[in-house]
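Position 309 of the sequence shown, counting from 1, maps to 1605 under the working numbering, and the rest follow consecutively.
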Amino acid sequence: MKAAVLYQFKSPFKIEDVRSNPMPGFVKVNVKVVGVCGRDVVIWKGGFKNFKLPAILGHEIFGFYNDKPVAVYSGIFCGNCEFCKQGKENLCDSYSLIGENTPGGYAEEVYAPERNLIELPDKNFEKYASASEPVATIIHASNLAQIKKGDKVLVTGASGAVGIHGIQYLNILGAEVYGLTSKPEIVKEAGGIPIGNEDLKRERFDVIMELVGSITINDDLRSLKKEGTLVLIGNIEGDPITLNRPAMSIMREHKIIGNASFTVNEFKHAIKLIAEGKIRPYFKTFSLEEINEAYKTMLERRQIGKTLLKILEG
1297 MKAAVLYQFK
1307 SPFKIEDVRS
1317 NPMPGFVKVN
1327 VKVVGVCGRD
1337 VVIWKGGFKN
1347 FKLPAILGHE
1357 IFGFYNDKPV
1367 AVYSGIFCGN
1377 CEFCKQGKEN
1387 LCDSYSLIGE
1397 NTPGGYAEEV
1407 YAPERNLIEL
1417 PDKNFEKYAS
1427 ASEPVATIIH
1437 ASNLAQIKKG
1447 DKVLVTGASG
1457 AVGIHGIQYL
1467 NILGAEVYGL
1477 TSKPEIVKEA
1487 GGIPIGNEDL
1497 KRERFDVIME
1507 LVGSITINDD
1517 LRSLKKEGTL
1527 VLIGNIEGDP
1537 ITLNRPAMSI
1547 MREHKIIGNA
1557 SFTVNEFKHA
1567 IKLIAEGKIR
1577 PYFKTFSLEE
1587 INEAYKTMLE
1597 RRQIGKTLLK
1607 ILEG
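Right under this line is the structure:
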């Protein structure tokens, strides 16, 4: 099969013909479209120190299984630990992502546990690949923060895939949604209120969805209300996060919560919302052979919404 292989961090992927790798208990999915996740970019930069190369990345996988269109839940989980039994597969004791400990979806074929496959309502793969994981991530974050109708919520990195689709889900919940971005017209189009760094000094939020991490977190905490919640979803540079004014968060009783992906049911909920037309997908599609250009676009932050790789034609 044809695949994009990463041999060195911060180096171009190589398009090669590689041997398919069947795995016991896994089934083969013919990959139509795969999303490029911000986590993939952090791996590419060398941000996960123990990550071993060479590797075929890609965990946001959409394609065909037995001629049926499917989405692949990206986490491999045991199904037997205390968290799996509670429907919290994302916290499984042995959780790992496809494309990290196993070959991923930057290839014509991928192997995944059959229980991870979710049949799609239609064959518009790009629509689902662009928004399913971003929306599911914000569904999970919203559940953690217990967002209510009327809550004032800030989304950082708001023109990225999680931001632009997450704003739309937060609107469904009835939140008053602000987006921190350098692309205000996109945030407006998605139904959010654009905001810049200077505006943060005048605003106070109930909840902040922190998608950027070390770059913005201290400015954001200053704009978080007493007893407010910051959900830490991403850290795009992979740099250590230091709280400049921990006393401020202590005295305001801020809650800082980690967001570990999403559950199977939250993923299914996101797919349903997209199928019903309640989420508008934002994306740009590249071929597998254009993967290095796709990464360049993301690294230069020129991309609005999700970056997709189209693998198989037809």
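Even glycine gets a Cβ: it sits at the ideal position worked out from N, Cα and C. In this text the structure is predicted, and so the values were computed from the model without any measurement.
- Assignment of beta-bridge partners to ASP1313 by DSSP yields LYS1298.
- Contact between the region 1435-1450 and the region 1322-1341 is absent, with fewer than three C-beta pairs closer than 8 Å.
- The beta carbon of ASN1588 sits closer than 7 Å to the beta carbons of PRO1308 and PHE1309 from its chain, once the five residues preceding and following it are set aside; these are given in chain order.
- With respect to the 8 Å criterion, VAL1314 and GLY1401 are not classified as neighbours on the basis of their beta carbons.
- Counting C-beta atoms within 10 angstroms of its own C-beta, THR1452 has 16 or more neighbours from the protein chains shown and is therefore classed as buried.
- According to DSSP, ASN1326 shares a beta bridge with PHE1360 and GLU1405.
- Taking 8 Å as the upper bound for CB-CB distance, ILE1570 and ILE1414 are not in contact here, some 12 Å apart.
- By the criterion of at least three beta-carbon pairs nearer than 8 Å, the region 1521-1540 is in contact with the region 1506-1513.
- Per the DSSP secondary-structure output, LEU1569 pairs with nothing in a beta bridge.
- Here PRO1399 is buried, its C-beta having at least 16 other C-beta atoms within 10 Å.
- In the DSSP assignment, SER1583 falls outside any alpha helix (DSSP H) and within the unbroken beta strand (DSSP E) covering 1579-1583.
- Contact between HIS1550 and LEU1520 holds: their C-beta atoms lie close to 6 Å from each other, under 8 Å.
- For the options LEU1393, SER1390 and ALA1403, the alpha carbon positioned closest to that of GLU1312 is the one of ALA1403.
- Note: PHE1501 is bridge-paired with LEU1520 in the DSSP secondary-structure output.
- Taking the Cα positions, PHE1373 is about 8 Å away from ASN1386.
- With three or more CB-CB distances shorter than 8 Å, the region 1574-1585 counts as touching the region 1422-1429.
- Per DSSP, ILE1482 is one residue of the alpha helix (DSSP H) stretching across 1480-1486.
- For ILE1491, the enclosing beta strand (DSSP E) covers residues 1489-1491.
- For GLU1415, the three-state secondary structure derived from DSSP is strand.
- Distances from the CA of MET1544 to each of VAL1560, GLU1523, ASP1535 and LYS1384 were compared; the closest alpha carbon is that of GLU1523.
- Counting the other CB atoms within 10 Å of its CB gives ASN1376 a total below 16, which places it among the exposed residues.
- With contacts defined as CB atoms closer than 8 Å, ILE1575 and GLN1442 fail to qualify as a contacting pair.
- Taking all protein chains shown into account, GLU1356 has 16 or more neighbouring C-beta atoms within 10 Å of its C-beta and is therefore buried.
- The three-state secondary structure of LEU1528, taken from DSSP, is strand.
- The DSSP-derived three-state label of TYR1303 is coil.
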